[in-house]
Amino acid sequence: GQERGGGGGGAGSRPSWGATNEQVVSVRDCVVDNTVDVKVRGSPALRIRVKGTATPMVDGDELQLEVIFTESSFGPPPPASFPPTLTIPLPRPVGSLRTTFVDEGMLRP
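Each step along the sequence shown adds one to the number in our numbering, with nothing skipped, and position 67 is 674.
As structure tokens, this is what we get:
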């Protein structure tokens with residue numbers, strides 16, 4: 608994952624917000640799952656998740672993928688369960704993803 612933060616008052620001060628991002632892509636399972644946890648000082652943490660399908664744009668080329676986003680959700684990160692997570696189906700917007708590293712777990716059998 609990646610971490611980002613900002614809004615601090617200057618050198619050595621604590622940022623007023625932060626975010627971590629993790630994206631899991633499996634060509635074998637044809638899925639993409641992107642999770643972002645956002646923390647703003649003084650507020651509860653928020654998890655934003657977007658899921659979709661991922662298929663090669665050209666047969667046999669797992670580096671260039673067509674992604675169709677199918678649902679998004681908003682709620683607290685685990686282990687919190689309140690407020691409940693809200694899941695929203697998406698109208699299937701299409702995007703693409705160019706991967707620069709493919710490990711053995713991502714390739715089709």
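Ideal Cβ placement from N, Cα and C applies to all residues, glycine included.
Quiz item: Is A652 near P684, with beta carbons less than 7 Å apart?
Solution: Here residue 652 refers to the residue found at position 45 of the sequence shown. Here residue 684 refers to the residue found at position 77 of the sequence shown. It is a contact, given that the beta carbons lie within the stated cut-off.
Self-check item: R715 versus A661 - alpha carbon distance
Solution: The residue given as residue 715 occupies position 108 in the sequence shown. The residue given as residue 661 occupies position 54 in the sequence shown. Confidence at R715 is low in this model, with a pLDDT of 48, below 50, so its placement is unreliable and the value that follows should be read with caution. A direct Cα-Cα distance of roughly 12 Å separates R715 from A661.
Quiz item: Does DSSP put R654 in a helix, a strand or coil?
Solution: By 1-based counting over the sequence shown, the position of residue 654 is 47. Note: R654 maps to strand in three-state DSSP.
Practice problem: Can you tell me which of the three DSSP states L697 falls into? | Solution: Taking the first residue of the sequence shown as position 1, residue 697 is located at position 90. Three-state result, L697: coil.
Quiz prompt | Unbroken beta strand (DSSP E) run spanning V647, endpoints | solution = Residue numbering aside, residue 647 sits at position 40 when the sequence shown is read from its first letter. For V647, the uninterrupted beta strand (DSSP E) segment begins and ends at 638-647.
Exercise. Go ahead and pull the three-state DSSP assignment for T707.
Key: Position 100 of the sequence shown, counted from the start, is the residue given in the question as residue 707. T707: coil per DSSP, three-state reduction.
Quiz item: Which residues in the same chain have their Cβ closer than 8 Å to the Cβ of S703, if we skip the five residues on either side of it in sequence?
Solution: As a working note, residue 703 is residue 96 in the sequence shown. Cβ neighbours of S703 beyond the five flanking positions: M664, Q671, L672, E673, V674.
Self-check item: Selection from R635, D640, V638, D644 that minimises the alpha carbon distance to T627
Solution: As a working note, residue 627 is residue 20 in the sequence shown. Measuring from the Cα of T627, the nearest candidate turns out to be D644.
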